[in-house]
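**Student:**
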Amino acid sequence: MVDEVHDREGLITLTSDIVAAHVSNNSVAIEQVPTLITTVFQALSGLGAEPVAAEAPALQPAVSIRASIRPDHVACLECGKKMKLLKRHLSTEHGLTTDEYRQRWGLAADHALVAPNYAAQRSELANKIGLGRKPTAGRKAASNGKAAASKGEAAPKAKRGRKLALRFTDGAANGAAD
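Here full-length UniProt numbering is used: position 175 in the sequence shown is 175, and no number is missing along the way.
1) Which term fits alanine 112, buried or exposed, when burial requires 16 or more other beta carbons within 10 angstroms of its beta carbon?
2) Is arginine 167 helix, strand or coil by DSSP?
3) Verify whether the separation of the beta carbon atoms of isoleucine 69 and leucine 77 is less than 8 Å.
4) Count the other C-beta atoms from every protein chain shown that fall within 10 angstroms of the C-beta of aspartate 178, then say buried if there are 16 or more, exposed otherwise.
5) If you draw a straight line from the C-alpha of lysine 134 to the C-alpha of tyrosine 101, how long is it?
6) Which residues in the same chain as threonine 97 place their Cβ atom closer than 8 Å to its Cβ, once the five residues preceding and following it in sequence are excluded?
7) Identify whether isoleucine 65 lies in helix, strand or coil by the three-state DSSP scheme.
8) Considering only residues of the same chain and omitting the five flanking positions on each side of phenylalanine 41, which have a CB-CB separation below 7 Å?
9) For the alpha helix (DSSP H) that arginine 160 lies in, which residues bound it at each end?
10) If we ignore side chains and look at the alpha-carbon of each, how far apart do arginine 167 and arginine 160 end up?
11) From the DSSP secondary-structure annotation, give me the bridge partner or partners of lysine 82.
12) Go to glutamate 124, then tell me how far its alpha helix (DSSP H) extends in each direction, as first and last residue.
13) Under DSSP, the alpha helix (DSSP H) around isoleucine 37 begins and ends at which residues?
14) Return helix, strand or coil for alanine 20, following the three-state DSSP convention.
15) So, at 8 Å on beta carbons, what are the nonlocal neighbours of glycine 106 in its own chain, with the 5 sequence-adjacent residues on each side left out?
16) Measure the alpha-carbon distance for glutamate 31 versus isoleucine 37 and round it to whole angstroms.
17) Report the option in Gly46, Pro34, Tyr118 and Val28 whose CA atom is closest to the CA atom of methionine 83.
18) Would you mind reading off the limits of the alpha helix (DSSP H) that contains aspartate 99?
Now the structure itself:
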(Lines of atoms letter the chains of each structure in order from A and count residues from 1; the text may use other names and numbers.)
(Lines give C-alpha, C1' and ligand atoms only; values in the text may rest on other atoms or scores of the structure.)
Protein backbone atom coordinates (compact mmCIF):
# COMPACT_ATOMS: atom_id res chain seq x y z
CA MET A 1 0.00 0.00 0.00
CA VAL A 2 2.88 2.33 0.81
CA ASP A 3 4.34 1.61 -2.65
CA GLU A 4 1.04 2.59 -4.28
CA VAL A 5 1.05 5.94 -2.46
CA HIS A 6 4.65 6.62 -3.52
CA ASP A 7 3.81 5.63 -7.10
CA ARG A 8 0.81 7.94 -7.12
CA GLU A 9 2.85 10.82 -5.69
CA GLY A 10 5.54 10.16 -8.31
CA LEU A 11 2.92 10.26 -11.07
CA ILE A 12 1.52 13.53 -9.71
CA THR A 13 5.02 15.04 -9.64
CA LEU A 14 5.73 13.91 -13.20
CA THR A 15 2.35 15.18 -14.37
CA SER A 16 2.89 18.59 -12.81
CA ASP A 17 6.38 18.85 -14.35
CA ILE A 18 5.14 17.90 -17.82
CA VAL A 19 2.12 20.21 -17.70
CA ALA A 20 4.23 23.11 -16.36
CA ALA A 21 6.77 22.65 -19.17
CA HIS A 22 4.03 22.46 -21.78
CA VAL A 23 2.18 25.53 -20.50
CA SER A 24 5.39 27.59 -20.25
CA ASN A 25 6.32 26.86 -23.89
CA ASN A 26 2.85 26.89 -25.47
CA SER A 27 -0.17 29.12 -25.20
CA VAL A 28 -2.88 27.16 -23.43
CA ALA A 29 -6.24 28.56 -22.37
CA ILE A 30 -6.97 28.44 -18.65
CA GLU A 31 -10.06 26.28 -19.29
CA GLN A 32 -7.90 23.62 -20.99
CA VAL A 33 -5.37 23.19 -18.14
CA PRO A 34 -7.50 20.75 -16.05
CA THR A 35 -8.15 18.64 -19.15
CA LEU A 36 -4.43 18.66 -19.94
CA ILE A 37 -3.56 17.56 -16.39
CA THR A 38 -6.09 14.71 -16.51
CA THR A 39 -4.91 13.55 -19.92
CA VAL A 40 -1.23 13.55 -18.94
CA PHE A 41 -1.92 11.78 -15.63
CA GLN A 42 -3.97 9.04 -17.34
CA ALA A 43 -1.29 8.59 -19.97
CA LEU A 44 1.43 8.24 -17.33
CA SER A 45 -0.59 5.88 -15.14
CA GLY A 46 -1.34 3.68 -18.15
CA LEU A 47 2.33 3.28 -19.08
CA GLY A 48 3.01 0.43 -16.66
CA ALA A 49 -0.16 -1.48 -17.44
CA GLU A 50 -0.49 -3.93 -20.28
CA PRO A 51 -2.37 -2.48 -23.21
CA VAL A 52 -5.96 -3.58 -23.49
CA ALA A 53 -6.53 -5.33 -26.77
CA ALA A 54 -9.23 -3.52 -28.65
CA GLU A 55 -11.76 -5.88 -30.09
CA ALA A 56 -11.95 -5.72 -33.83
CA PRO A 57 -15.42 -4.74 -34.88
CA ALA A 58 -17.27 -7.58 -36.52
CA LEU A 59 -17.50 -7.05 -40.26
CA GLN A 60 -20.99 -6.55 -41.59
CA PRO A 61 -21.40 -7.03 -45.33
CA ALA A 62 -23.23 -4.30 -47.23
CA VAL A 63 -25.29 -7.06 -48.88
CA SER A 64 -25.97 -10.53 -47.55
CA ILE A 65 -23.66 -13.17 -48.99
CA ARG A 66 -26.57 -15.12 -50.37
CA ALA A 67 -28.06 -12.07 -52.09
CA SER A 68 -24.71 -10.95 -53.50
CA ILE A 69 -24.91 -13.28 -56.51
CA ARG A 70 -27.67 -12.66 -59.04
CA PRO A 71 -27.85 -13.88 -62.64
CA ASP A 72 -27.03 -10.47 -64.13
CA HIS A 73 -24.70 -9.04 -61.47
CA VAL A 74 -22.64 -9.72 -58.36
CA ALA A 75 -22.65 -7.31 -55.43
CA CYS A 76 -19.53 -6.24 -53.56
CA LEU A 77 -19.80 -7.19 -49.89
CA GLU A 78 -17.59 -4.22 -48.93
CA CYS A 79 -19.70 -1.43 -50.44
CA GLY A 80 -22.77 -3.08 -51.99
CA LYS A 81 -22.01 -1.92 -55.53
CA LYS A 82 -23.50 -4.17 -58.23
CA MET A 83 -21.44 -5.11 -61.27
CA LYS A 84 -20.59 -7.92 -63.68
CA LEU A 85 -16.95 -8.36 -62.58
CA LEU A 86 -15.59 -7.77 -59.08
CA LYS A 87 -11.84 -8.35 -59.49
CA ARG A 88 -10.89 -4.90 -60.79
CA HIS A 89 -13.32 -3.14 -58.43
CA LEU A 90 -11.81 -4.90 -55.43
CA SER A 91 -8.27 -3.91 -56.35
CA THR A 92 -8.98 -0.28 -57.27
CA GLU A 93 -11.63 0.68 -54.73
CA HIS A 94 -10.75 -1.50 -51.74
CA GLY A 95 -7.12 -2.51 -52.33
CA LEU A 96 -7.93 -6.21 -52.00
CA THR A 97 -7.01 -9.22 -54.08
CA THR A 98 -9.68 -11.81 -54.76
CA ASP A 99 -8.08 -14.18 -52.23
CA GLU A 100 -7.97 -11.49 -49.54
CA TYR A 101 -11.62 -10.62 -50.26
CA ARG A 102 -12.71 -14.25 -49.98
CA GLN A 103 -10.72 -14.71 -46.76
CA ARG A 104 -12.05 -11.49 -45.23
CA TRP A 105 -15.66 -12.53 -45.75
CA GLY A 106 -15.16 -16.28 -45.22
CA LEU A 107 -16.15 -17.19 -48.78
CA ALA A 108 -15.38 -20.48 -50.50
CA ALA A 109 -12.65 -20.56 -53.15
CA ASP A 110 -15.28 -21.20 -55.83
CA HIS A 111 -17.50 -18.28 -54.77
CA ALA A 112 -18.47 -16.40 -57.94
CA LEU A 113 -16.90 -13.00 -58.51
CA VAL A 114 -18.38 -12.80 -62.03
CA ALA A 115 -22.08 -12.59 -62.86
CA PRO A 116 -23.27 -16.05 -64.03
CA ASN A 117 -25.04 -14.79 -67.18
CA TYR A 118 -21.99 -12.72 -68.15
CA ALA A 119 -19.69 -15.72 -67.68
CA ALA A 120 -21.98 -17.89 -69.83
CA GLN A 121 -22.12 -15.20 -72.52
CA ARG A 122 -18.32 -14.93 -72.62
CA SER A 123 -17.94 -18.71 -72.68
CA GLU A 124 -20.37 -19.00 -75.58
CA LEU A 125 -18.51 -16.31 -77.50
CA ALA A 126 -15.16 -18.02 -76.90
CA ASN A 127 -16.51 -21.37 -78.09
CA LYS A 128 -18.07 -19.71 -81.12
CA ILE A 129 -14.75 -18.31 -82.32
CA GLY A 130 -12.98 -21.58 -81.55
CA LEU A 131 -10.93 -20.77 -78.48
CA GLY A 132 -9.83 -23.70 -76.38
CA ARG A 133 -10.14 -26.30 -79.14
CA LYS A 134 -7.36 -28.37 -80.60
CA PRO A 135 -7.21 -28.54 -84.41
CA THR A 136 -9.38 -31.39 -85.68
CA ALA A 137 -8.57 -33.80 -88.52
CA GLY A 138 -11.17 -32.12 -90.77
CA ARG A 139 -9.53 -28.75 -90.30
CA LYS A 140 -6.07 -30.15 -91.03
CA ALA A 141 -7.26 -31.77 -94.25
CA ALA A 142 -8.97 -28.57 -95.37
CA SER A 143 -5.91 -26.46 -94.66
CA ASN A 144 -3.64 -29.01 -96.42
CA GLY A 145 -5.95 -28.97 -99.46
CA LYS A 146 -5.69 -25.19 -99.67
CA ALA A 147 -1.91 -25.39 -99.41
CA ALA A 148 -1.75 -28.02 -102.17
CA ALA A 149 -3.96 -25.91 -104.44
CA SER A 150 -1.77 -22.87 -103.95
CA LYS A 151 1.39 -24.89 -104.79
CA GLY A 152 -0.15 -26.10 -108.05
CA GLU A 153 -0.57 -22.52 -109.30
CA ALA A 154 3.21 -22.00 -109.35
CA ALA A 155 3.31 -18.67 -107.60
CA PRO A 156 6.40 -16.59 -108.32
CA LYS A 157 9.19 -17.45 -105.95
CA ALA A 158 10.71 -14.59 -103.99
CA LYS A 159 14.47 -14.13 -104.18
CA ARG A 160 16.38 -14.60 -100.98
CA GLY A 161 19.01 -12.26 -99.57
CA ARG A 162 19.34 -8.52 -99.57
CA LYS A 163 19.56 -6.27 -102.56
CA LEU A 164 23.01 -5.10 -103.54
CA ALA A 165 23.72 -1.40 -103.78
CA LEU A 166 24.57 -0.07 -107.24
CA ARG A 167 28.14 1.09 -107.54
CA PHE A 168 29.24 3.61 -110.07
CA THR A 169 32.69 3.22 -111.52
CA ASP A 170 32.98 6.39 -113.54
CA GLY A 171 33.44 9.69 -111.76
CA ALA A 172 30.68 11.51 -113.65
CA ALA A 173 27.98 9.23 -112.39
CA ASN A 174 28.68 9.82 -108.72
CA GLY A 175 29.11 13.58 -108.98
CA ALA A 176 32.88 13.91 -109.29
CA ALA A 177 34.07 16.72 -111.54
CA ASP A 178 36.79 16.13 -114.21
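C-beta atoms are modelled at their ideal positions from N, C-alpha and C, and glycine is treated no differently. Please read all numbers here as calculations on a predicted model, not as lab measurements.
**Tutor:** Taking the geometry as given:
1) If you number the sequence shown from 1, residue 112 lands on position 112. With fewer than 16 other Cβ atoms within 10 Å, it is exposed.
2) Taking the first residue of the sequence shown as 1, we reach residue 167 at position 167. It is coil, neither helix nor strand.
3) Taking the first residue of the sequence shown as position 1, residue 69 is located at position 69. Taking the first residue of the sequence shown as position 1, residue 77 is located at position 77. No, the Cβ-Cβ distance between isoleucine 69 and leucine 77 is not below 8 Å.
4) Position 178 of the sequence shown, counted from the start, is the residue given in the question as residue 178. Because aspartate 178 carries a pLDDT of 48, less than 50, the predicted location of this residue cannot be relied on, and no value is offered for it.
5) If you number the sequence shown from 1, residue 134 lands on position 134. If you number the sequence shown from 1, residue 101 lands on position 101. Going by the C-alpha atoms only, they are around 35 Å apart.
6) In the sequence shown, counting from the first residue as 1, residue 97 sits at position 97. Counting only Cβ-Cβ distances below 8 Å, and skipping sequence neighbours, we find Leu90 and Ser91.
7) Residue 65 sits at position 65 when you count from the first residue of the sequence shown. Coil.
8) Sequence index remark: in the sequence shown, residue 41 carries index 41 (1-based). For phenylalanine 41, where only same-chain residues beyond five positions count, the Cβ hits under 7 Å are Leu11 and Thr15.
9) Working through the sequence shown from its first residue, we reach residue 160 at position 160. Taken as a continuous stretch (DSSP letters only), arginine 160 belongs to no alpha helix (DSSP H), as it is neither H nor E.
10) Locating residue 167 in the sequence shown gives position 167, counting from the first residue. Locating residue 160 in the sequence shown gives position 160, counting from the first residue. Distance between the alpha carbons of arginine 167 and arginine 160: 21 Å.
11) As a working note, residue 82 is residue 82 in the sequence shown. The partner list for lysine 82 (beta bridge, DSSP) reads Ala75.
12) Sequence index remark: in the sequence shown, residue 124 carries index 124 (1-based). Segment 116 to 128, the alpha helix (DSSP H) holding glutamate 124.
13) Numbered from 1 along the sequence shown, position 37 holds the residue referred to as residue 37. Residues 33 to 45.
14) The residue you call residue 20 lines up with position 20 of the sequence shown. Helix at alanine 20.
15) Along the sequence shown, read from residue 1 onward, the residue named residue 106 stands at position 106. So the list is empty, once near-sequence residues are dropped.
16) The residue labelled residue 31 in the question sits at position 31 within the sequence shown. The residue labelled residue 37 in the question sits at position 37 within the sequence shown. Looking at the two C-alpha atoms, the distance is approximately 11 Å.
17) On the sequence shown, position 83 is the one that residue 83 refers to. Ranking the options by Cα distance to methionine 83, first place goes to Tyr118.
18) As a working note, residue 99 is residue 99 in the sequence shown. Note, aspartate 99: alpha helix (DSSP H), 98 to 105.
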